[in-house]
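So the sequence shown is numbered by the working numbering: it starts at 652 and just counts up by one.
C-beta atoms are modelled at their ideal positions from N, C-alpha and C, and glycine is treated no differently.
Data first, discussion second: the structure below is written as structure tokens.
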Amino acid sequence: MDATQVRYRSLDEGSTLAQFLTLPYSLNDEIVDDIEAHRRRPEWMWVAELDGLVVARLAWWSNPGEDAPELLDILDVRDARDGNHLDAAGRLLATATAQVVTPGERPPEYLRFVPPDWRVDDDARVETEALMTLAAGTGARLFVERRRLEWRAGTQISPRSGRLRFRAPHGDAEILALMTEASAGTLDEYTRLDLETMSPADAARKHFYGEIAAQVGPRRWRVAIDHDGHPVGFVTPGHNHYHPVIGYLAVLPRYRGQGYVDEMLNEGVSVLAATGVDHIRAATDLGNTPMGDAFKRNGWAEFERSINMTWRPPSEKM
Ligand SMILES: CC(C)(COP(=O)(O)OP(=O)(O)OC[C@H]1O[C@@H](n2cnc3c(N)ncnc32)[C@H](O)[C@@H]1OP(=O)(O)O)[C@@H](O)C(=O)NCCC(=O)NCCS
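See below:
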């Protein structure tokens, strides 16, 4: 293919939202709202056209009002078995990145949602591997694969065992202290990566202010207390921009291995279910088996996985 036949344009350079939406993906329904809420900008949304047909597209996302994108969460190719389409997608990624990401800065993480069985479904595998190869071609590497899970209204919530009682936290400081303590021995890759370069307290602050405290709507967080009055852990049920979520849940190291995770998860579910939500979302690393098992035991459906890729110097441990 002559690369000059392909046109690479962002939405503020003449391509249109209608064109952008010609490729299917699970985030398509959110895009109009995202633009209105300033989570997406026309200059962060790009398409590659081959003879007028959109053969690839990409878009970055940020929290409202951020100057720079925080996530590359859309990268699509029309036909992952077509070399011309793949070539256009690769060039689109390089071209758009050069314009959107400040030179010398590390590009934001790439997040791709895939079916849970993507390794055995042939079409899903070909597409996922093609996209991972495209990102790898610009220096990205797999950081972690995560399960995306959903609880649906009507799913039975196991009754409390009576081993724990729950109360609201005594302010952000208590949650920060519990997060700091809970980071020891964590199986969560993001926390583990942070702990390579920062103290547990700094890692907790980064996670808290970057994600947990960014929940929208009223906080319904709960601290679990044992019979002796000691905190065992906490759970942060709430809402992100799109869904009711169990934002985070942790059992302090000395209490692990006693099944407290189930009670804390179910407390978070009960708190949200009492507000009338019809579903709740959560995510956990594939390697965090105690957490994944707890979701499964308590009736959560794994509806999707995410492939999280990052651009990092090769010297850095992944
Ligand atoms: C994930 C977590 C909540 C599990 O809580 P828990 O109440 O200990 O879970 P369980 O009692 O069901 O543990 C099941 C098994 O996993 C083991 N386990 C639990 N957490 C573990 C950890 N961090 N590392 C290694 N093994 C762990 C338990 O010892 C137990 O082993 P056993 O079956 O041989 O006895 C807890 O490890 C934790 O708080 N981790 C840090 C925060 C985190 O990852 N939160 C989830 C983010 S999505």
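Asp839 CB to nearest heavy atom of ligand 1 below 7 angstroms: yes
Three-state secondary structure (DSSP) at Asn972? Because residue 972 is not part of the residues shown, which for the chain are 652 to 969, the question remains open.
Limits of the unbroken beta strand (DSSP E) element including Pro882: From DSSP, the beta strand (DSSP E) with Pro882 extends over Pro882 to His890.
Only counting runs of 4 or more residues, tell me where the alpha helix (DSSP H) segments fall wholly within the region 796–823, in order along the chain. none
Exposure label - Ser622; buried when at least 16 CB within 10 Å: This structure cannot settle anything about residue 622, because the visible part of the chain is limited to 652 through 969.
Could you check whether the region 927–939 touches the region 794–801, counting it as contact only if at least three pairs of C-beta atoms, one from each stretch, sit closer than 8 angstroms? yes
Alpha helix (DSSP H) containing Tyr906: first to last residue? Segment: none, Tyr906 is in no alpha helix (DSSP H) and carries neither H nor E.
Given 8 angstroms as the limit, is there contact between the region 702–720 and the region 683–692, that is, 3 or more CB pairs closer than that? yes
Below 7 angstroms, is the gap between the Cβ of Gly836 and the nearest heavy atom of ligand 1? yes
Taking 7 angstroms as the cut-off, is the C-beta of Ala901 nearer than that to any heavy atom in ligand 1? yes
Nearest to Phe954 (by Cα), restricted to the options Gln670, His890, Arg660 and Ser677: The shortest C-alpha separation from Phe954 is found at Ser677.
Determine the contact status of Trp657 and Ala699, defining contact as a CB-CB distance below 8 angstroms. The sequence given here has Val at residue 657, not Trp. Closer than 8 angstroms, so yes.
8 angstroms CB neighbourhood of Lys857 in its chain, flanking five on each side removed: Asp845 and Met849
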